[in-house]
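Student:
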Amino acid sequence: MKTNTSGTDAAHGQAVTSSRRTFISTLSLAGLLGHAHCAFAQSELSADIVIAGGGLGGCSAALAALRAGRRVIMTEETDWIGGQLTSQGVPPDEHRWIESHGANRSYRELRTRIRDYYRNHYPLVPAARESALLNPGNGSVSRLCCEPTVALAVLEDWLAPYAASGQLQILREHRVHAADVDGKRVRAVTVQSLRSGETQVLSGDYFIDATELGDVLPLAGAEWLTGAESRSQTNELHAAEKADLANQQAFTMCFAVEHIAGSDHTIERPRDYLFWRDFVPQLTPPWPGKLLDLTYTQPRSGQPKELGFDPTGAPVGGTLNLWMYRRIIDRSLFEPGHFAGDISLINWPQNDYLLGNLIQDTHLATNNHAASSSAVRLTADEAALKVAEHIDRAKQLSLSLLYWLQTEVPRRDGGAGFPGLKLRPDLMGTEDGLAKMPYVRESRRIQAEFTILEEHVGREQLSQITGKP
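The structure is reproduced here in structure tokens:
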């Protein structure tokens, strides 16, 4: 079996050459379940390469194949390609050397195209226009914080010539429904429209799972796992003694807000606000208090750390100003009047959803050690409903965070709240102002021929192996 790495951001996805059951995900749940037992005439499409998932990994794989002259079909379960940068609404979180090394050529081209889009379409001030390393938001998390709509426009433009010629077909709002497998080779996959419920069979020579959650892996009967492996499985120094399939990273429903001083854009109090306002995470090491607070647990040290928040740009006492963290528009870079205020993307510890996972079929993981954990066995429909419930609660958490920022967050002048924070649904492409998809940090992982372990990257274990500090 051919395998690849299991990224959910900018990797090429997971190559699958070898069905189990359908894992029905979330956002179009009602439509998909409603059509689950309807009979539709199937049509068939074929290409050299079929890519399930139109996120960054899927787009990257498609571009590589198209440039090599291959015919490609790519599916995407939303109406936006681009994944993390677009439908999930998250600026790239990168290493500090990204502008000089540590990135491949196509990713560098993506960054250049995004910067050029602002130069060609936005009224930048001269200094910003001339900056080779233009960062539209001047966010501290990334050297390139931009609007999701701009990233979408760039990716669509990049792929447009291939789509126009017929070399590329993109099936938007489609999800892989089943796989036709012969031994360890995938012959075809069936995709289902999330709008109509109609199905199509996609055949090809190669199939790539670039979905955000590795949805094709269980359908194809490929070996996969999720959660945390045990020390006996990996020999990693800091691995747990017992595997835990449900130990998955939190996901987040992101949103963008603009700050317009002197205005009042306070939203209606969210349905679950009182729950989330008083919610205290039960974690190890312990969380320092309520989730909706400016003190959190620093991931590396495990110690409490205070953050600041002030969308006016005023000093916050030497701590990180969360407003600047993922800011995607710094209005000072644009001609006066073009933006009424700065815009920031809210993806913080305070709206990380901790009470459930997006992957609910963990009992199917083909890993003997992991499968021994006590996992609740759910049918496909039960899993889909459970995921939909968690996404709904995650949305309530994000809206509750916004309401708390508008009404209760402590200000340095002794007051509370910034009512000038305005939700920007136009930048998310949704009615509720939240991202189309959850920001996914962990997917199913294919059991690869080679797995990167702590011994390859962990300083302490490397030191033990090599005898060098």
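With positions in the sequence shown counted from 1, the corresponding number in my numbering is that position plus 5. Cβ coordinates follow ideal geometry from the N, Cα and C atoms, glycine included.
1) Measure how close the beta-carbons of I451 and E228 come, nearest whole angstrom, since I'm counting them as under 8 Å.
2) Check the C-beta distance from M258 over to A440 and give it rounded, since I have them as a contact under 8 Å.
3) Which of the three DSSP states, helix, strand or coil, is assigned to P320?
4) Would you check if the distance between the CB atom of S92 and the CB atom of G434 is smaller than 9 Å?
5) Decide yes or no for the touch test of the region 98 to 114 against the region 448 to 464: beta carbon pairs closer than 8 Å, at least 3 of them.
6) Buried or exposed: where does D98 fall if 16 or more other Cβ atoms within 10 Å of its Cβ makes it buried?
7) With a threshold of 8 Å (Cβ to nearest heavy atom), would L428 be considered close to the ligand GTP?
8) Measure the beta-carbon distance from H179 to S201 and round it to whole angstroms, keeping in mind my assumption that it falls under 8 Å.
9) Going along the chain, which residues of its own chain have a beta-carbon closer than 7 Å to the beta-carbon of P474, five neighbours each way excluded?
10) Take L37 and list the residues in its own chain whose beta-carbon comes closer than 8 Å to its own, dropping the five residues that flank it on each side.
11) Grab me the residues of T80's own chain with a C-beta within less than 6 Å of its C-beta, minus the 5 sequence neighbours each way, in chain order.
12) Measuring CB to CB, does I351 end up less than 9 Å from L407?
13) Is L296 near F284, with beta carbons less than 9 Å apart?
14) Can you tell me whether I470 is buried or exposed? The criterion is at least 16 other CB atoms within 10 Å of its CB, across all chains shown.
15) Going by alpha carbons, who is nearest to D437 out of R332, V221, D397, Q238?
16) What residues in its chain sit with their C-beta under 8 Å from that of Q411, if we drop five residues either side in the sequence?
17) Just tell me which of D277, Q355, D347 has its CA closest to the CA of C151.
18) Looking at A261 and R429, is the spacing between their C-beta atoms short of 9 Å?
19) Mind checking which residues open and close the alpha helix (DSSP H) that includes V77?
20) By how many angstroms is the C-alpha of C64 removed from the C-alpha of T216?
21) Applying the 10 Å Cβ sphere with the 16-neighbour rule, what's the burial state of P275?
22) In chain order, which continuous runs of the beta strand (DSSP E) of length 3 or greater are located wholly inside the region 176 to 262?
23) Hey, out of V445, A156, V130, E413, whose CA is closest to S337's CA?
24) Excluding the 5 residues flanking A168 on each side, which residues of the same chain have their C-beta closer than 8 Å to its C-beta?
25) To test your reading of the DSSP string, which unbroken alpha helix (DSSP H) runs of 4 or more residues are found completely within the region 391 to 437?
26) What's the call for H503, buried or exposed, on a 16-neighbour Cβ count within 10 Å?
27) Which partner residues does G313 have in the DSSP bridge list?
Tutor: So, to answer that:
1) The residue given as residue 451 occupies position 446 in the sequence shown. The residue given as residue 228 occupies position 223 in the sequence shown. Confirmed, Cβ separation roughly 7 Å.
2) Locating residue 258 in the sequence shown gives position 253, counting from the first residue. Locating residue 440 in the sequence shown gives position 435, counting from the first residue. Sure, about 6 Å apart at Cβ, within 8 Å.
3) One-based indexing of the sequence shown puts residue 320 at position 315. Looking at P320 - three-state DSSP - the assignment turns out to be coil, as it is neither helix nor strand.
4) Reading the sequence shown from its first residue, position 87 is the one you call residue 92. Reading the sequence shown from its first residue, position 429 is the one you call residue 434. For S92 and G434, yes; Cβs fall inside 9 Å.
5) no
6) Position 93 of the sequence shown, counted from the start, is the residue given in the question as residue 98. By the 10 Å Cβ count, D98 comes out exposed.
7) Although the ligand GTP was asked about, the structure shown includes no ligands whatsoever.
8) Looking up residue 179 in the sequence shown gives position 174. Looking up residue 201 in the sequence shown gives position 196. Going by Cβ atoms, the distance from H179 to S201 rounds to 10 Å, so no, they are not a contact pair.
9) Reading the sequence shown from its first residue, position 469 is the one you call residue 474. Only S468 meet the Cβ criterion.
10) Residue 37 sits at position 32 when you count from the first residue of the sequence shown. Interpretation of L37 is limited by its pLDDT of 40, a score under 50 that renders its predicted location unreliable; the figure taken from the coordinates is listed afterwards. Same-chain partners within the cutoff: I29, R180, Q197, L199, G202, A389.
11) Within the sequence shown, residue 80 is the residue found at index 75, counting from 1. Result list for T80: A57, L176, H179, V196, in chain order.
12) Position 346 of the sequence shown holds residue 351. Position 402 of the sequence shown holds residue 407. Their beta carbons are under 9 Å apart, which means I351 touches L407 by this criterion.
13) Here residue 296 corresponds to residue number 291 of the sequence shown, with the count starting at 1. Here residue 284 corresponds to residue number 279 of the sequence shown, with the count starting at 1. Yes, they are a contact pair.
14) Here residue 470 corresponds to residue number 465 of the sequence shown, with the count starting at 1. Exposed: under 16 other Cβ atoms inside 10 Å.
15) Within the sequence shown, residue 437 is the residue found at index 432, counting from 1. If we check each option's Cα against that of D437, D397 comes out closest.
16) Position 406 of the sequence shown holds residue 411. H270, T271, I272, G422, F423, P424, L426, listed in sequence order.
17) Residue 151 sits at position 146 when you count from the first residue of the sequence shown. Ranking D277, Q355, D347 by Cα distance to C151 puts D347 first.
18) As a position in the sequence shown, residue 429 is number 424, starting the count at 1. As a position in the sequence shown, residue 261 is number 256, starting the count at 1. Yes, the pair counts as a contact, with Cβ atoms nearer than the cut-off.
19) Counting from one through the sequence shown, the residue named residue 77 turns up at place 72. It is not in any alpha helix (DSSP H) - V77 instead sits in the beta strand (DSSP E) that spans 77 to 81.
20) Indexing the sequence shown from 1 puts residue 216 at position 211. Indexing the sequence shown from 1 puts residue 64 at position 59. Distance between the alpha carbons of T216 and C64: 11 Å.
21) Working through the sequence shown from its first residue, we reach residue 275 at position 270. That one is buried.
22) 179 to 187, 190 to 198, 204 to 214
23) Numbered from its first residue, the sequence shown carries residue 337 at position 332. For S337, the nearest C-alpha among the options comes from V130.
24) For the purposes of this step, residue 168 is identified with residue 163 of the sequence shown, where counting begins at 1. Answer for A168: Q174, I175, listed in chain order.
25) 430 to 433
26) Nothing can be reported for residue 503, as the shown portion of the chain is limited to 6 through 474.
27) Translated into positions along the sequence shown, residue 313 becomes position 308. According to DSSP, G313 bridges with N326.
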